[in-house]
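Mapping of the sequence shown onto this note's numbering: position 120 corresponds to residue 759, and the numbering continues sequentially without gaps. Think of the CB as a built atom: it goes at the ideal place given N, C-alpha and C, for glycine as much as any other residue. Note that this is a predicted model, so its numbers are computed, not measured.
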Amino acid sequence: LDPSKTVPGTSWHAPHFFREGCMFALAGVSLLTTSKSIREQNSFNYEAIVEVAALFVGIFICMQAPVQILDVKGASLGIDSPAKFYWATGTLSSFLDNAPTYVVFFETAKSAGGAPPMIAGVSQIELVAISLGAVFMGAMTYIGNGPNFMVKAIAEKNNIRMPSFFGYMMYSVLFMLPAAIVVTLVFL
């Protein structure tokens, strides 16, 4: 629920942080309605979630200065086409969580200007390219997408063998890189 838009069929705007409140409320309902024995049988704990949350907070804190620099100097990077935004965003998103990567290239595109139609100061096609790169290529490594880290940590805790960092990358290059190339050709 986007607070800047009305709920379809109504004139009601959700308050800020309403959707986040709903997520926490649903998590609470789940904890209250699921028996403790089921969580114990599944070895449920918050370790992986806390690990990813700490990493995420650290990345966002560290990204403040680069974002301010990109706001001023982003246009001089030479990223001037949707395909370049897609591949630059995707490459960085593979090695940094996709959310801060999205912010970095959003600011870069905003400072570069662009052709209409514009969304939040960014050319629509460049915004699509940034979104595709951040989301699709974020899964190229364990560290490119927070849930990858969580799945690996949970699997290893349950003695399930997972590929090494470079082993995972081998699979992603074989299967995901061709898909990323197709996305460039079809959408950009």
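Just to check my reading of the structure: residue i and residue j have Cβ atoms closer than 8 Å, yes? What is that Cβ distance to the nearest angstrom?
| i | j | result |
| --- | --- | --- |
| N737 | G697 | Not really, about 15 Å apart at Cβ, beyond 8 Å. |
| F814 | E690 | Contact doesn't hold; Cβ gap of about 26 Å is too wide. |
| K796 | S682 | 7 Å |
| F724 | A748 | 6 Å |
| G785 | F695 | 6 Å |
Does the distance from the C-beta atom of residue i to that of residue j stay below 7 Å?
| i | j | result |
| --- | --- | --- |
| A722 | T823 | yes |
| L827 | A768 | yes |
| A714 | S750 | yes |
| M776 | A818 | no |
| F657 | L640 | yes |
| E765 | V706 | no |
| H655 | T645 | no |
| M801 | A794 | yes |
Would you please verify whether the beta carbon of residue i is less than 7 Å from any beta carbon of chain C?
| i | result |
| --- | --- |
| I700 | Here there is only one protein chain, and chain C is not present. |
When you compare each of the options to residue i by their alpha carbons, which one comes out closest?
| i | options | result |
| --- | --- | --- |
| G772 | V742, T673, A794 | V742 |
| F734 | F683, M779, P654, I793 | M779 |
| F699 | Y685, T645, T740 | T740 |
| L716 | G752, F656, F805, F695 | G752 |
| S803 | Y725, V711, A666, Y781 | Y781 |
| V790 | V668, F744, W651, I688 | I688 |
| S770 | L731, N798, S650 | L731 |
| A744 | P756, G729, M757 | The identity of residue 744 in the sequence shown is Phe, whereas the question assumes Ala. Out of P756, G729, M757, G729 has the C-alpha closest to the C-alpha of F744. |
| S720 | S650, Q763, E679, R800 | Q763 |
| V761 | S674, A666, D710, A692 | D710 |
So if DSSP puts residue i in a beta bridge, which residue, or which two residues, is it bridged to?
| i | result |
| --- | --- |
| V761 | I758 |
| H652 | T645 |
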